Structures are given as C-alpha cells and as structure tokens.
Amino acid sequence: MYILLVSWCFNIIAAYFGIALQASTNDASCDSVVTTPPHSLKDANNPAGLLSIAEGTLKEFLSKATGTAVDWVQMPGMKPGPDSVGIFAISQSCSGVAARACGLVSLEPTKIVEILKDRPSWFRDCRNLEVFTMFRAGNGGTIELIYTQMFAPTTLAPARDFWTLRYTTTLENGSLVVCERSLSGSGAGPNAAAAAQFVRAEMLPSGYLIRSCEGGGSIVHIVDHLNLEAWSVPEVLRPLYESSKVVAQKMTIAALRYIRQIAQETSGEVVYGPGRQPAVLRTFSQRLSRGFNDAINGFNDDGWSIMNCDGAEDVIIAINSNKSLNSTPNAVNALPLLGGVLCAKASMLIQNVSPAVLVRFLREHRSEWADFNVDAYSAVSLKAGSYAYPGMRPTRFTGSQIIMPLGHTIEHEELLEVVRLEGHSFAEDNAFLSRDIHLLQLCSGIDENAVGGCSELLFAPINEMFPDDAPLLPSGFRVIPLDTKSSDTQDSLTTNRTLDLTSSLEPGPATNHIAVDAPSCPNIRSVLTIAFQFPFDSNLEDNVANMAHQYIRSVISSVQRIAIAISPSGLIPAVGPKQSPSSPEALTLAHWICRSYSYHLGAELLRSEPPVGDSLLKNLWQHQDAILCCSLKSLPVMIFANQAGLDMLETTLMALQDITLDKIFDETGRKTLCSDFAKLMQEGLAYLPAGICMSTMGRHVSYEQAVAWKVLEADESTVHCLAFSFVNWSFV
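Numbers -15 to -1, 1 to 717, taken from mature numbering (1 follows the signal peptide of the UniProt record, and there is no 0), label the letters of the sequence shown in order.
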C-alpha cells in the first residue's frame, strides 16, 4: 500500500510537469567525480528510480564535501584563523561553478537542517522554493521534488529556476545530510507563463553535511555546485555566472554566516536597540532586499508590466497596479494604494572605482545625487496615502543627514539603520514646520577588505515611529564587481589615463598604449543597477512616470560623475608619454585644440599667460566655456569635452562617445550648423549665433554664442577633428 501511494503521488507530479524525470549526468567533467551508474537512471519514473537517483546524489555530494571529487583551492581573501567564520574553497577546472565551506556552529544539527532547507530565509537571491511532493524513503530518509526560482541581480539578464530532487537522510555515524541535484526535463513549474521569464539552470550534486560535536554544537560542511547557463547573458555579465567565487560569496558563505548569526542571537550574544528583537530586524533586512529584487526583476505574475523602455539609455519604466505593501496578509498598518507602484530602473557598466568606495560615498553624501523633494513625495505618499505631485509643496533640504544604527550582522558586512533627512518648507507660513524624512536603510559590502558578492545601498521611506509591520517600498543601488579579464587590461589602462578622449577615432597601434603601474590604475569593472519605486494615484500615473524617468536619468548622471571623481584617475586627465598622431593622448589633443584656435581666430583660447606642459591641459579642463570636440565622420560623435562641456551635456567622459553632434542641437541649431558647415570646412572657422542646445537629460541649454573651428594636427595641414566653444551657457 505504501509503495502504491508513493507511486501514485509521483505519477501526479510527473504528469503535472509533463516530463520524464531522470538525473542530469553532466557532472562528469571533474575527472574524479563519482558518477551515478547509468543503469540506475532507467527506472526514474517510479519511486525506486527516485531513490536510486537520491542515493547516487548522496554519494557524489559526499565525495565533494569531504573528498577530492572536485579540485578545490582556497577562497581568495578568506584565510582561516581564530576569527574566521569557516574554511572556504572554490573549484577550478571543473564543470560548472562550485564552492565549499566548513565551520563550527553552536546549534544542534536538526535546527541547522531546518534553517538551511528554508533557503529563501537566508539566500537573498531566492525568490521562491516550493515543495511539490515529499515521501519517505525506505531507509528513513525523505525525498522531495522542488521547484525553485532565483532573482536576477541586474536588469540585463533573465532570472534562473531549478527543478530538483532533494534527499534528506542520516548516515551510519549519525551525521545529517541534505543533498540536492537537478532533474532533467523542461518542466515549467506551477505557472508556465511565469516560468517563461526564467532560464532553467542546473544544480549538480550539492548539499549540507552536519555532524554533532561532543562538546556541543555542530560541524557543518556546505557544497554548492551549479551550472548557471552563462550563454544566456550578455558577454560582459558572464563572469558573474562563470565564477565559483561569486557562488561562494552569494550562497556558501552566506549560508554559514546566517546560521552562525542565528546561533549567536539564540545564545543572547547579540543585543540590539532600541527595543527591537533580532528576528524583527532580520525581517526588515529581508523585506528591503526582496522588495528591491522584485523591482529589478518585475515578474509578470507579481503584476508588473513594462510601461516604457528607453533603448538609448536602457532606462525601464515598469508599473504594478496590484502591488501590496503589506508585510503580512492581515497587517494592522496596511496601506491602500489607489493606483499602484511605478518603478524606474537601469543597469550600466562602471570602471576603475571600487564598489565598496562608491556605495560608501553614496551613503555618506546623499545630497550629491538625491533630490530631497522626490524623497519627500515618496515619504508623504506612504505616510498619508496622499499622492501630491512633486513640486506642489517644495521643500528645502538643509543638508543635514543623521544616520542612526539599528543593528548589524556579526561580521558587520551588513548594516541596518534609520536615516533622518532634515528639511524645511519654502513657504513663509510653514517656515518653522519641520519636514524631516525618515528612511529605513540597508547597507552592505562597504568594507574594502572584506570578501563580499556585491555592495548595496537600499532604502525605503518610513514613519518616525515605524511599527514592525511597516509598509516598505525599497529603492537603491547595487554594485556587483566583475572578474578582471586579461584582455581588458590595456583598454582599461588607456581609458584611465586618457579619459577616453579619442575612443571614437581610428585606433593607433596597440603597442603605443601607455604603460603604467597596475596599483595606480586598478582594472576594476562593475555592474551598477539602480531602481527607484514610487507609489501613485491612477490620476497621476503619467505625471509620476515622467518624474521617475527624469529623476533616474539625473541620478545616473550624478553617480557616473561621482564614480569618475572618486576613481584613482580623478577628475583631471593624467599625462603620459606621447602616442601616435592617430591616437593622441590628453596633453597632445589639448595642445592641438589651443594652437588651432589661435591659428584660426588670431586670439588665445586660454586668456591667461600661455600655459605649458601639464598646466595647459589643466586650464583647458577648467575653462569656464563648454569646449567640445567631435570626430570627422559621416556621423560625427563627441570625442572630448572639458568639465564645463560635461556639465552642459550632463554626461560623463565614458558616455561621451555615444553622443552624436546632431543630438546636442535643437532643430534651429542644426539648420544653422548645416548652413555654416561649408564655410567651416573651407575657412576653418565659423561663428554660430545664440541658440539652444540639448543635454543628454533632455534639458534645454541656452548659449550666447558658439565658435567652431578645425583642430589641426602637428603638421598644421591634417584636420584631426572639429572643436566647439559654447560661451556663457546656462540651463533654461
């Protein structure tokens, strides 16, 4: 009867998914891996076949956890010692990506198994884990068929899902084991339409081995071995999906840290204030992280739909009319949303700045990138349920930001805090009325010396005395470092030293690249993902959408400018040896610009004493007029701008090469330029009357006059590019 019941349950599940289950056999590329004999897979469509798969999974997992089935090497930056959380290793020369951990935890094995099996509670990237069936194996263990969904960390790649068998059993020596592996087939899970947003990934034999210690506590072995199907993501992101180090940081280390955190809280070693229980603070952190992940991924089954996608800037506007901000189904502080929630999000590549340094700067200098009135809009909307459009009650930010700590993890890799932003109304009748804003903020990965998967700054507006079930609508930043590729080294160094002045020109000989010391120009590449959420009334949907689009573009521009400012290269282009004329570096190009100006206009561009050497480049960079250069191609693109030029265009040197000349003029300006272009090319000089140009943020910029001239190379006959100087420009 028992076998018939198990068989009946299994047939229902198999029919539900429309697949024939069998173990994946792609785990054989590690030479010493123990592989399940093929004959044991033939009867996978019955309970005995599943038990055979489970036993094979157990054998392979144990060979990885305590044996040499995988070629393990020590995790970089994680040296074992008395203060270490555990011993960590990653794989090399192995199919997929794998990580292993071993540590001592002062909890009983059964409690550890309970915690680790609840993957969404400790693994922030786990969206959902659903057990579709569970039955007892003949040896006293349990076999479960599980469908798991994982969040994508950026907006640039789809999320992952898994269809796995999980086997829990007790070994002869009393150790508890939980092992898991993927089952083959394309079963979509509970909702085929929702699963279309996922890429099916593979879990190779992985799991947990927990041994009880005589003196109390347990020794925990963890193995995570995955194939994340890196082919399905853009090439620039593939290091995230092909790195065992990333798996270790996000899963293996996170699991061990979490159970150690629970152990210390259980023993009373962790004391938080003001009066909040550790479990409540953990829940706040999880809700902030999950809400941010929900916004980034925008799953259809959560009610999200794309409202607008700006292909030129990769800014996505998504809307959710079904969004609920309740922390529990019957929350006392439930907040009715008359319209829904709107999210503006984008991902981009940043270079030569540490993720920890960038996020720490964003945390400590909010006024450098945030708009207080936008913060006030979100805060007022959530507090009162009113959806006043930003600008109706303008508020002045005093610049004062007070950070009040709530709690932190045992290794301080994650901080939970309340931020108070002080503001006052512009209106005279409300001049003394405080309009302070309070944010619940989660900050992680800001220690440059720590090993972490990413750096994050997540925040949500709250009431001053927020209850445990306070509604949260998280926004924020996530910066994920990419592994350095050797092929990118020279390109990164050139970018660092010349600020990409000539990246749109024909490249010079590769051997002419500047040689610099690696420590002074670190080759750091990261993916920055930004998402901001706004509640709205259905009557104000279009207004809020426009505000959100403009705001995220402004934030992107500010963050890019900050990234350049705090990078080792700094704001002023560095100077190095002269390169070939087809690829001049900063000083050479600056010299050509100034000399050509004098040649055509009979006056000096830099009106002070004629500078020489590095001072010429510095003075040109700090010139009050916006100076731009564009290439001489069929579609001219920007190749250089001084600081005033970058400010006028509201862009960065890295993004400059994506701007074409026609984009910066309005229709009248384009017509004027076309009519004077022949004169410019013939005489080398043209004066453009006062007019309007456009920044990359869509803002209008007025100027009193623009001067255009040909930039000549050293031989004074070859035209290198065209230069423009916009005099007395200002935003309209």
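Note that the Cβ used here is the ideal one computed from N, Cα and C, for glycine as well.
All values reported here derive from a predicted model rather than from experimental measurement.
Counted within 10 angstroms of its Cβ, other Cβ atoms place residue i as buried (16 or more) or exposed
i                : result
tryptophan 606   : buried
proline 431      : The sequence as given places isoleucine at residue 431; proline does not occur at that position. Answer is buried; the Cβ neighbour count reaches 16.
tryptophan 216   : exposed
lysine 563       : Note that lysine 563 has pLDDT 32, beneath the 50 cutoff, so the model's placement of it is unreliable and the number below is only indicative. The residue in question, lysine 563, is exposed, as its Cβ has fewer than 16 Cβ neighbours within 10 Å.
glutamate 585    : As written in the sequence, residue 585 is histidine, which differs from the glutamate given in the question. Histidine 585 should be labelled buried.
histidine 498    : Below a pLDDT of 50, predicted positions are generally treated as unreliable, and histidine 498, at 30, falls in that range; the measurement from the model is reported next regardless. The residue is buried, with at least 16 neighbouring Cβ atoms inside 10 Å.
threonine 237    : buried
glutamate 589    : exposed
lysine 695       : buried
valine 98        : buried
glutamate 220    : exposed
proline 390      : exposed
histidine 210    : buried
phenylalanine 46 : buried
lysine 235       : buried
arginine 538     : buried
methionine 119   : exposed
histidine 705    : buried
cysteine 79      : buried
asparagine 524   : exposed
cysteine 164     : buried
glutamate 701    : exposed
Contact under 8 angstroms by Cβ, residue i with residue j
i                 : j                 : result
aspartate 110     : phenylalanine 136 : yes
tryptophan 714    : serine 543        : no
alanine 84        : alanine 186       : no
lysine 330        : isoleucine 301    : yes
arginine 229      : isoleucine 75     : Here residue 229 is serine; the residue named in the question, arginine, does not match the sequence. For serine 229 and isoleucine 75, yes; Cβs fall inside 8 angstroms.
isoleucine 204    : leucine 89        : yes
leucine 513       : valine 464        : yes
serine 429        : glutamate 399     : yes
serine 339        : glutamate 407     : no
leucine 130       : leucine 150       : yes
cysteine 614      : valine 622        : no
aspartate 56      : glutamine 77      : yes
valine 404        : tyrosine 536      : no
threonine 154     : leucine 43        : yes
alanine 708       : glutamine 690     : no
phenylalanine 521 : glycine 325       : yes
leucine 591       : histidine 608     : yes
isoleucine 422    : alanine 341       : no
leucine 427       : leucine 225       : no
residue 723       : arginine 684      : In the structure displayed, the chain extends from -15 to 717; residue 723 sits before or after that span and is not available.
aspartate 651     : methionine 679    : yes
alanine 142       : leucine 222       : yes
Residue range of the unbroken beta strand (DSSP E) whose run includes residue i
i             : result
glycine 88    : 82 to 90
glutamate 165 : 161 to 167
lysine 695    : 690 to 697
cysteine 579  : Note, cysteine 579: premise wrong, no beta strand (DSSP E); alpha helix (DSSP H) at 571 to 586.
cysteine 428  : 422 to 429
arginine 272  : Unbroken run through arginine 272 is the alpha helix (DSSP H), 263 to 282; no beta strand (DSSP E).
cysteine 659  : Premise fails: cysteine 659 lies in the alpha helix (DSSP H), 652 to 668, not in any beta strand (DSSP E).
proline 520   : 510 to 521
alanine 445   : 440 to 447
leucine 620   : Element bounds for leucine 620: n/a, residue is neither H nor E.
arginine 546  : Run containing arginine 546: none in the beta strand (DSSP E); it sits in the alpha helix (DSSP H), 526 to 551.
Extent of the continuous alpha helix (DSSP H) run through residue i
i              : result
tryptophan 107 : 104 to 107
isoleucine 238 : 238 to 252
glycine 324    : First-last for glycine 324: undefined, no H or E at that position.
alanine 341    : 340 to 349
alanine 629    : 628 to 634
serine 203     : Segment 203 to 212 is the beta strand (DSSP E) holding serine 203; no alpha helix (DSSP H) there.
aspartate 599  : 599 to 606
arginine 196   : No alpha helix (DSSP H) contains arginine 196, which is instead part of the beta strand (DSSP E) from 191 to 197.
Near the ligand FMN: residue i beta-carbon under 7 angstroms from a heavy atom
i          : result
alanine 50 : In the structure shown, the ligand FMN is absent, as is every other ligand, since no ligand is present at all.
Whole-angstrom C-beta distance between residue j and residue i, which should lie under 8 angstroms
i           : j                 : result
valine 231  : glycine 71        : Between glycine 71 and valine 231 the Cβ distance is about 18 angstroms, and since that is not below 8 angstroms, they are no contact.
leucine 347 : phenylalanine 462 : 6 angstroms
alanine 699 : leucine 673       : Not confirmed; about 28 angstroms, so no contact.
Do the segment 634 to 641 and the segment 664 to 674 meet, that is, are 3 or more Cβ pairs less than 8 angstroms apart?
-> no
Pair every Cβ in the segment 624 to 632 with every Cβ in the segment 655 to 664, then say whether three or more of these pairs are closer than 8 angstroms.
-> no
Okay, do the segment 509 to 518 and the segment 323 to 343 touch, 3+ Cβ pairs below 8 angstroms being the bar?
-> yes
Do the segment 188 to 197 and the segment 93 to 111 meet, that is, are 3 or more Cβ pairs less than 8 angstroms apart?
-> yes
Below 8 angstroms, can you find three or more Cβ-Cβ pairs linking the segment 273 to 290 to the segment 443 to 452?
-> yes
Check whether the segment 264 to 271 touches the segment 112 to 126, taking contact to mean three or more Cβ pairs, one atom from each stretch, closer than 8 angstroms.
-> no
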